[in-house]
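**Q** For the sequence shown, the working numbering assigns the number 1 to the initial residue and increments by one for each residue that follows.
Positions of the beta carbon are idealized from the N, C-alpha and C atoms, including for glycine.
Please read these numbers as outputs of a predicted model, since none were measured by experiment.
This is the structure I want to talk about, given as structure tokens.
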Amino acid sequence: MKYMDTLKKAREAELCVQTELEHIERLHRIMKTSGKSQRYAEEIAEKLARLEAELNDSIDRTVDIKRGALSVLSALEGYERAVIYRYYILGEDWRTISEKMYLSERQVYYYRKSAIKKLEDKYNKNNRGELWRSEQESRN
1 MKYMDTLKKA REAELCVQTE LEHIERLHRI MKTSGKSQRY AEEIAEKLAR
51 LEAELNDSID RTVDIKRGAL SVLSALEGYE RAVIYRYYIL GEDWRTISEK
101 MYLSERQVYY YRKSAIKKLE DKYNKNNRGE LWRSEQESRN
């Protein structure tokens with residue numbers, strides 16, 4: 001598998017886990033605030049138990065996928081690694097990364113571009129530009 005596929009799968013898995021977790025949190029809130037019958041609360045509790053089991057399975061798969069992505073990121077250091085880590089491993093968007101790292105968005109994009117070049121040099125010497133193109137596609 002290409003290194004970019006590894007990074008993309010890590011991001012996708014993280015975003016899926018975040019979505020499942022949000023859904024479970026919503027159901028917990030509904031169950032707590034529901035003025036409906038005991039039967040309704042029991043149905044929600046059963047759904048929650050199933051969803052939580054699925055979430056645990058998703059988390060296990062995500063951890064395995066992220067292990068591969070972290071080995072790709074070992075080629076990077078400093079801000080470059082932090083920016084790519086936050087995007088692919090933590091699933092943050094570029095604006096959030098900028099805010100959390102106290103960088104301008106322009107700086108974030110600079111570090112991203114620099115990191116992509118280093119990853120291309122290390123992992124994909126024959127196919128220059130593939131990662132950059134896929135990054136541009138994901139932004140649009």
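1. Could you tell me the distance, in whole angstroms, from the CA atom of N126 to the CA atom of H28?
2. Just to confirm my understanding: we take K66, look at its own chain, exclude 5 residues before and 5 after, and list those with CB closer than 8 Å. What are they?
3. Could you give the distance in angstroms between the alpha-carbon of S40 and the alpha-carbon of E92?
4. Evaluate V83 with the Cβ neighbour count: other Cβ atoms within 10 Å of its Cβ, from every protein chain shown; 16 or more gives buried, anything less gives exposed.
5. Within 8 Å, do at least three Cβ pairs link the region 75–82 to the region 103–118?
6. Have a look at I59 and H23 and give me their C-alpha separation to the nearest angstrom.
7. Could you pull out every residue in the same chain whose Cβ sits closer than 8 Å to the Cβ of L55, ignoring the five residues on either side in sequence?
8. Express the C-alpha separation of W94 and K100 in angstroms, rounding to a whole number.
9. With DSSP run on the structure shown, which of helix, strand or coil describes A49?
**A** On the basis of the data shown:
1. Residue confidence is low: N126 scores 47 on pLDDT, short of 50, so the model does not pin down where it sits. No coordinate-derived value is stated.
2. A10, A13, E14, I89
3. Note that residue 40 is Tyr in the sequence shown here, rather than Ser. Taking the straight line joining both Cα atoms gives about 36 Å.
4. buried
5. yes
6. 15 Å
7. V17, E20, L21, I24
8. 10 Å
9. helix
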